[in-house]
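A quick write-up on the structure given underneath.
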Amino acid sequence: MYIGLDLGTSGLKGILIGEDQTVLAEATAPLTVSRPAEGWSEQSPSDWISAAEAVLDQLAAKGLGAVRGIGLSGHMHGATLLDKGDEVLRPCILWNDTRSHEEAAELDGDPMFRRLTGNIVFPGFTAPKLLWVRHNEPRIWDRVAKVLLPKDYLRLWLTGDHVGEMSDAAGTSWLDTGKRDWSDDLLAATGLTRAQMPRLVEGSAVSGHLREALAARWGLPKGVVIAGGGGDNAASGVGVGVVRAGEAFVSLGTSGVLFAANDGYQPDPATAVHTFCHALPNTWHQMGVILAATDALNWYAKLTGTDAAKLTGELGPLQAPAKTVFLPYLGGERTPLNSATVRGAFTGLEHATDRAAGTRAVLEGVTYAIRDSRDALAATGTRLENLLAVGGGSRSDYWLKAIATALDCPVQLPVAGDFGGAFGAARLGLMAATGAGAEIATLPKIARTVDPDPTLKDAFDAGHARFRAAQSAIKDLK
Numbered sequence: 071m072y073i074g075l076d077l078g079t080s081g082l083k084g085i086l087i088g089e090d091q092t093v094l095a096e097a098t099a100p101l102t103v104s105r106p107a108e109g110w111s112e113q114s115p116s117d118w119i120s121a122a123e124a125v126l127d128q129l130a131a132k133g134l135g136a137v138r139g140i141g142l143s144g145h146m147h148g149a150t151l152l153d154k155g156d157e158v159l160r161p162c163i164l165w166n167d168t169r170s171h172e173e174a175a176e177l178d179g180d181p182m183f184r185r186l187t188g189n190i191v192f193p194g195f196t197a198p199k200l201l202w203v204r205h206n207e208p209r210i211w212d213r214v215a216k217v218l219l220p221k222d223y224l225r226l227w228l229t230g231d232h233v234g235e236m237s238d239a240a241g242t243s244w245l246d247t248g249k250r251d252w253s254d255d256l257l258a259a260t261g262l263t264r265a266q267m268p269r270l271v272e273g274s275a276v277s278g279h280l281r282e283a284l285a286a287r288w289g290l291p292k293g294v295v296i297a298g299g300g301g302d303n304a305a306s307g308v309g310v311g312v313v314r315a316g317e318a319f320v321s322l323g324t325s326g327v328l329f330a331a332n333d334g335y336q337p338d339p340a341t342a343v344h345t346f347c348h349a350l351p352n353t354w355h356q357m358g359v360i361l362a363a364t365d366a367l368n369w370y371a372k373l374t375g376t377d378a379a380k381l382t383g384e385l386g387p388l389q390a391p392a393k394t395v396f397l398p399y400l401g402g403e404r405t406p407l408n409s410a411t412v413r414g415a416f417t418g419l420e421h422a423t424d425r426a427a428g429t430r431a432v433l434e435g436v437t438y439a440i441r442d443s444r445d446a447l448a449a450t451g452t453r454l455e456n457l458l459a460v461g462g463g464s465r466s467d468y469w470l471k472a473i474a475t476a477l478d479c480p481v482q483l484p485v486a487g488d489f490g491g492a493f494g495a496a497r498l499g500l501m502a503a504t505g506a507g508a509e510i511a512t513l514p515k516i517a518r519t520v521d522p523d524p525t526l527k528d529a530f531d532a533g534h535a536r537f538r539a540a541q542s543a544i545k546d547l548k
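Each residue of the sequence shown is one higher than the one before, counting from 71 in our numbering.
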């Protein structure tokens, strides 16, 4: 058996799989976020340990005597600060905390950061948060002995060792992403040294072994290996089998992610594409990130006094886009705009615009934002041969048909199942314990494939052109 633990912002999920990767048990424990000031987002690392204990208590009911490996996944970019005795110095500053926007702009103004990391320094990344602590909490700064990412604090509890891995480390702004190692120059630019970082392993490698006291507590054997694991998106990529060049998935959740695997390092920071190490050796991945996907549809549903499923269910077959255009920037945008201030809009409203026309415009607007991410990925040389659709939005046939047509790429819908970060973490645990590699991270069985509608390709191309024109018109409005 193998365990995957996925530390999410709103909860920790555990999954238990067998040797054949069949899911044997699942468990969850909730987590809450503290927002003590505007733009702040924090969690107490001790809550992560309590959640992990609750999840392992639940999984132990299945019997864990056959467990050989544990993998870890978690939300990225969080700054967990420890003193020399491994005591937590302050609550963890999370990925969606924007307090360090000035520090991020300062670091991004140094060309070395984009050149070595392959990415813009976003306010949510780890390095600007440490600079904020240096400027605003000097007594805490002076005591920082180690900086760990969230899942790596769980690893410290599980193994007693300070270890990280490349996919998560790539989101700190301290990693030389092409060399897959910490950059001493980037660390020095924020007043830190390599000694304050965890050592790095690949996500499928052994990072340590489960402490005997914890193994005895939950009935695991001695010597259970802990895999390096992965950041949440990289682990999800392993879970859904997107680990080879040409493979990709689109996640239609609250936010939208277009995730593609690469066998080479192809950064282009100016596109606002994230280029990170994957959780497997000699593999990288790229992501276009859209801040409002199903979030935009749910906003429109609330505005119209109905629910999202009813809105999409009344649309019928795919239609050519009308004049109405929706820009889904309800809270800023990552790819390709990299703007925290841009806001959404409807344009081209007319007497004929009814509720269904508004729904189609919202789905089309998110679809065009995904196409923008596809174009940004293509600018770096990344090609998409297979596109899997996951997330709640993939339940809408109309939306899938629109995405397939706008991207001119078949969209595959997996059979029902869990292919997220916890499953990917369990796969990485299996790899670390057995020496297996990417060959076990197979793509899921496909329930059906949604093909582009060639008769509507030109109409969607024209719709995207209108979207881009509207984007240009509103992006600088305050």
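Note that the Cβ used here is the ideal one computed from N, Cα and C, for glycine as well.
* Express the C-alpha separation of L500 and F232 in angstroms, rounding to a whole number. => Position 162 of the sequence shown, counted from the start, is the residue given in the question as residue 232. Position 430 of the sequence shown, counted from the start, is the residue given in the question as residue 500. This sequence places His at residue 232; Phe is not what is there. Spanning the two alpha carbons is a distance of roughly 21 Å.
* Asked: To the nearest angstrom, how far is it from the Cα of A415 to the Cα of L280?
  -> Numbered from 1 along the sequence shown, position 345 holds the residue referred to as residue 415. Numbered from 1 along the sequence shown, position 210 holds the residue referred to as residue 280. The alpha-carbon atoms of A415 and L280 are separated by roughly 52 Å.
* What do you get for N352, buried or exposed, if any count of 16 or more other CB atoms within 10 angstroms of its CB means buried? -> Here residue 352 refers to the residue found at position 282 of the sequence shown. Exposed.
* **Residue range of the unbroken alpha helix (DSSP H) whose run includes H348** => Position 278 of the sequence shown, counted from the first residue, corresponds to residue 348. Per DSSP, H348 belongs to no alpha helix (DSSP H) and is neither H nor E.
* To do: Determine the contact status of P198 and T168, defining contact as a CB-CB distance below 7 Å.
  => As a first step, residue 198 must be located in the sequence shown, where it is residue number 128. As a first step, residue 168 must be located in the sequence shown, where it is residue number 98. No.
* Asked: By Cβ distance below 7 Å, which residues in the same chain neighbour C162 in space, the five residues on each side in sequence not counted?
  -> As a working note, residue 162 is residue 92 in the sequence shown. Contacts found: E112, Q113, P115, G148, A149, T150, P220.
* To do: Quick one: residues in its chain with C-beta nearer than 6 Å to the C-beta of E455, no 5 flanking neighbours on either side, listed in chain order?
  => By 1-based counting over the sequence shown, the position of residue 455 is 385. Correct list, in chain order: G316.
* **Same chain only: Cβ atoms within 6 Å of H205, ignoring 5 sequence neighbours per side** => Your numbering for residue 205 matches position 135 in the sequence shown. Once the five neighbours on either side are set aside, H205 has no close Cβ partner at all.
* Asked: Got a sec? Which residues, its chain only, sit under 8 Å from L407 by beta carbon, not counting five neighbours each side?
  -> Here residue 407 corresponds to residue number 337 of the sequence shown, with the count starting at 1. Closer than 8 Å at the Cβ level, and outside the excluded window around L407, lie A342, Y399, Q541, K545.
* **Three-state class that DSSP yields for P208 in the structure shown** => Taking the sequence shown and counting its residues from 1, the one referred to as residue 208 is at position 138. Of the three classes helix, strand and coil, the one that applies to P208 here is helix, per DSSP.
* If L433 sits next to A472, beta carbons under 8 Å apart, how far is it from one beta carbon to the other, in whole angstroms? -> On the sequence shown, position 363 is the one that residue 433 refers to. On the sequence shown, position 402 is the one that residue 472 refers to. Right, the Cβ-Cβ distance comes to about 6 Å (below 8 Å), so this counts as a contact.
* Where L186 falls, given that 16 or more other Cβ within 10 Å makes a residue buried -> By 1-based counting over the sequence shown, the position of residue 186 is 116. Counting Cβ neighbours within 10 Å, L186 comes out buried, since at least 16 surround it.
* **When G78, T324, L373, V520 are compared against A305, the one with the closest alpha-carbon** => Residue mapping note: residue 305 aligns to position 235 of the sequence shown, counting from 1. For the residues G78, T324, L373, V520, the minimum Cα distance to A305 belongs to G78.
* Asked: In whole angstroms, what separates the C-alpha of I210 from that of A366?
  -> Taking the sequence shown and counting its residues from 1, the one referred to as residue 210 is at position 140. Taking the sequence shown and counting its residues from 1, the one referred to as residue 366 is at position 296. Approximately 39 Å between the Cα atoms of the pair.
* Asked: Based on Cα-Cα distance, which residue from T260, V271, L513, A258 lies nearest to K249?
  -> Residue numbering aside, residue 249 sits at position 179 when the sequence shown is read from its first letter. When each option's Cα is compared against that of K249, the closest is V271.
* Residue from P339, C347, G386, S321 whose Cα sits closest to the Cα of N332 -> The residue you call residue 332 lines up with position 262 of the sequence shown. N332 has its Cα closest to that of C347, out of P339, C347, G386, S321.
* Asked: Taking C479 as the reference, which of L126, R453, T423 has the closest Cα?
  -> For this step, residue 479 is matched to residue 409 along the sequence shown. Ranking the options by Cα distance to C479, first place goes to R453.
* Asked: Exposed or buried, which one is L164 when buried takes at least 16 other CB atoms within 10 Å?
  -> The sequence position of residue 164 within the sequence shown is 94, counting from 1. Buried, because 16 or more other Cβ atoms sit within 10 Å of the Cβ of L164.
* Buried versus exposed call for P181 [16 or more other C-beta atoms within 10 Å across all chains shown] -> Here residue 181 refers to the residue found at position 111 of the sequence shown. When all chains shown are included, P181 counts as exposed.
* Asked: What are the boundary residues of the alpha helix (DSSP H) that A174 is part of?
  -> Counted from its first residue, the sequence shown places residue 174 at position 104. Taken as a continuous stretch (DSSP letters only), the alpha helix (DSSP H) holding A174 covers 171 to 178.
* Asked: Taking DSSP as the reference, what is the three-state secondary structure of T519?
  -> Working through the sequence shown from its first residue, we reach residue 519 at position 449. Three-state result, T519: strand.
* To do: Measure the alpha-carbon distance for K527 versus A476 and round it to whole angstroms.
  => One-based indexing of the sequence shown puts residue 527 at position 457. One-based indexing of the sequence shown puts residue 476 at position 406. Approximately 7 Å between the Cα atoms of the pair.
* Asked: When the Cβ atoms of the region 418 to 438 are set against those of the region 278 to 294, are three or more pairs found closer than 8 Å?
  -> no
* **Cβ separation of T345 and T423, assumed to be a contact under 8 Å, to the nearest whole Å** => Here residue 345 refers to the residue found at position 275 when the sequence shown is read from its first residue. Here residue 423 refers to the residue found at position 353 when the sequence shown is read from its first residue. Not a contact, Cβ separation roughly 39 Å.
* When we look at the beta-carbon of G307 and count the other beta-carbons within 10 Å, is it buried (16 or more) or exposed? -> Sequence index remark: in the sequence shown, residue 307 carries index 237 (1-based). Classification of G307: buried, given that the 10 Å Cβ count is 16 or more.
* Asked: With respect to the alpha helix (DSSP H) encompassing S116, which residues constitute its N-terminal and C-terminal limits?
  -> Start at 1 with the first residue of the sequence shown, and residue 116 comes out as number 46. It spans 115 to 130 - the alpha helix (DSSP H) in which S116 sits, taken as one unbroken run.
* For R538, which three-state DSSP category applies? -> The residue labelled residue 538 in the question sits at position 468 within the sequence shown. Looking at R538 - three-state DSSP - the assignment turns out to be helix.
* Flag this pair as yes or no: are the beta carbons of L228 and I296 separated by less than 7 Å? => One-based indexing of the sequence shown puts residue 228 at position 158. One-based indexing of the sequence shown puts residue 296 at position 226. Against a cut-off of 7 Å, the Cβ pair of I296 and L228 comes out as a contact.
* Since L361 contacts R413 with CB under 8 Å, what's their CB separation in whole angstroms? -> Taking the first residue of the sequence shown as 1, we reach residue 361 at position 291. Taking the first residue of the sequence shown as 1, we reach residue 413 at position 343. Going by Cβ atoms, the distance from L361 to R413 rounds to 11 Å, so no, they are not a contact pair.
* Which full runs of the alpha helix (DSSP H) of 4+ residues lie inside the region 280 to 327, going along the chain? -> 282 to 288, 302 to 310
* Asked: Of all the beta strand (DSSP E) runs that stay within the bounds of the region 400 to 475, which reach a length of 3 or more residues?
  -> 415 to 417, 456 to 460
* **Cβ-based neighbour list, G401, same chain, cut-off 7 Å, excluding 5 preceding and 5 following** => Taking the sequence shown and counting its residues from 1, the one referred to as residue 401 is at position 331. Once the five neighbours on either side are set aside, the close Cβ partners of G401 are L361, A362.
* To do: Check whether the Cβ atoms of L94 and G84 sit closer than 7 Å, and answer yes or no.
  => Along the sequence shown, read from residue 1 onward, the residue named residue 94 stands at position 24. Along the sequence shown, read from residue 1 onward, the residue named residue 84 stands at position 14. Not closer than 7 Å, so no.
* Helix, strand or coil at I544 [DSSP, three-state] -> Position 474 of the sequence shown, counting from 1, holds the residue named residue 544. In the structure shown, I544 sits in a helix (DSSP, three-state: H, G or I).
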